[in-house]
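Participant: Numbering-wise, UniProt numbering puts 74 at position 74 of the sequence shown, and it's gapless, one number per residue.
In this text, a Cβ means the ideal position worked out from N, Cα and C, and glycines have one as well.
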Amino acid sequence: MDRIDTLLQAQRFNEKFSPKQVAQFSFKRIIDGNDDPTGYFECKGCGKTRKQAAATGYSNLTSHVCCEHATYEREMEAPAISATGTLIP
Numbered sequence: 001m002d003r004i005d006t007l008l009q010a011q012r013f014n015e016k017f018s019p020k021q022v023a024q025f026s027f028k029r030i031i032d033g034n035d036d037p038t039g040y041f042e043c044k045g046c047g048k049t050r051k052q053a054a055a056t057g058y059s060n061l062t063s064h065v066c067c068e069h070a071t072y073e074r075e076m077e078a079p080a081i082s083a084t085g086t087l088i089p
């Protein structure tokens with residue numbers, strides 16, 4: 001599968017989980033020294049940082065998960081992972 005197919009697949013987001021659910025499961029919010037949100041999120045699976053721009057929804061975050069973490073659906077369905085909310089064992 002080439003990069004275009006992968007991006008199109010990300011746009012046809014799976015109906016099992018909402019984009020918000022995927023983003024909340026897969027990312028943690030980065031805060032500044034005053035505990036204020038920065039608009040950046042760190043992927044729990046790989047540590048990459050992504051920005052969630054205002055009024056854009058979760059598209060930047062979910063496209064990262066869809067493209068870089070092909071097994072995210074199985075991970076979200078797994079009881080132990082869902083209970084802890086982390087991809088790290």
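1. Which of the three DSSP states is assigned to LYS20 in this structure?
2. Report back the beta-carbon spacing between LYS16 and GLU73 to the nearest angstrom; my notes put them in contact at under 8 Å.
3. So the candidates are ALA53, ALA54, CYS67 and ASP36; which of them puts its Cα closest to the Cα of CYS46?
4. Return the residue from the list ALA78, THR71 and ASN60 that minimises the CA-CA distance to LYS20.
5. Can you tell me where the beta strand (DSSP E) with TYR58 in it begins and where it stops?
Facilitator: Taking the structure as given:
1. One-based indexing of the sequence shown puts residue 20 at position 20. Correct three-state label for LYS20: helix.
2. Within the sequence shown, the letter at position 16 stands for residue 16. Within the sequence shown, the letter at position 73 stands for residue 73. With a Cβ gap of about 6 Å, LYS16 and GLU73 count as contacting.
3. The residue given as residue 46 occupies position 46 in the sequence shown. Ranking the options by Cα distance to CYS46, first place goes to CYS67.
4. Here residue 20 refers to the residue found at position 20 of the sequence shown. Measuring from the Cα of LYS20, the nearest candidate turns out to be ASN60.
5. What you label residue 58 is simply residue 58 of the sequence shown in a count that begins at 1. Element bounds for TYR58: n/a, residue is neither H nor E.
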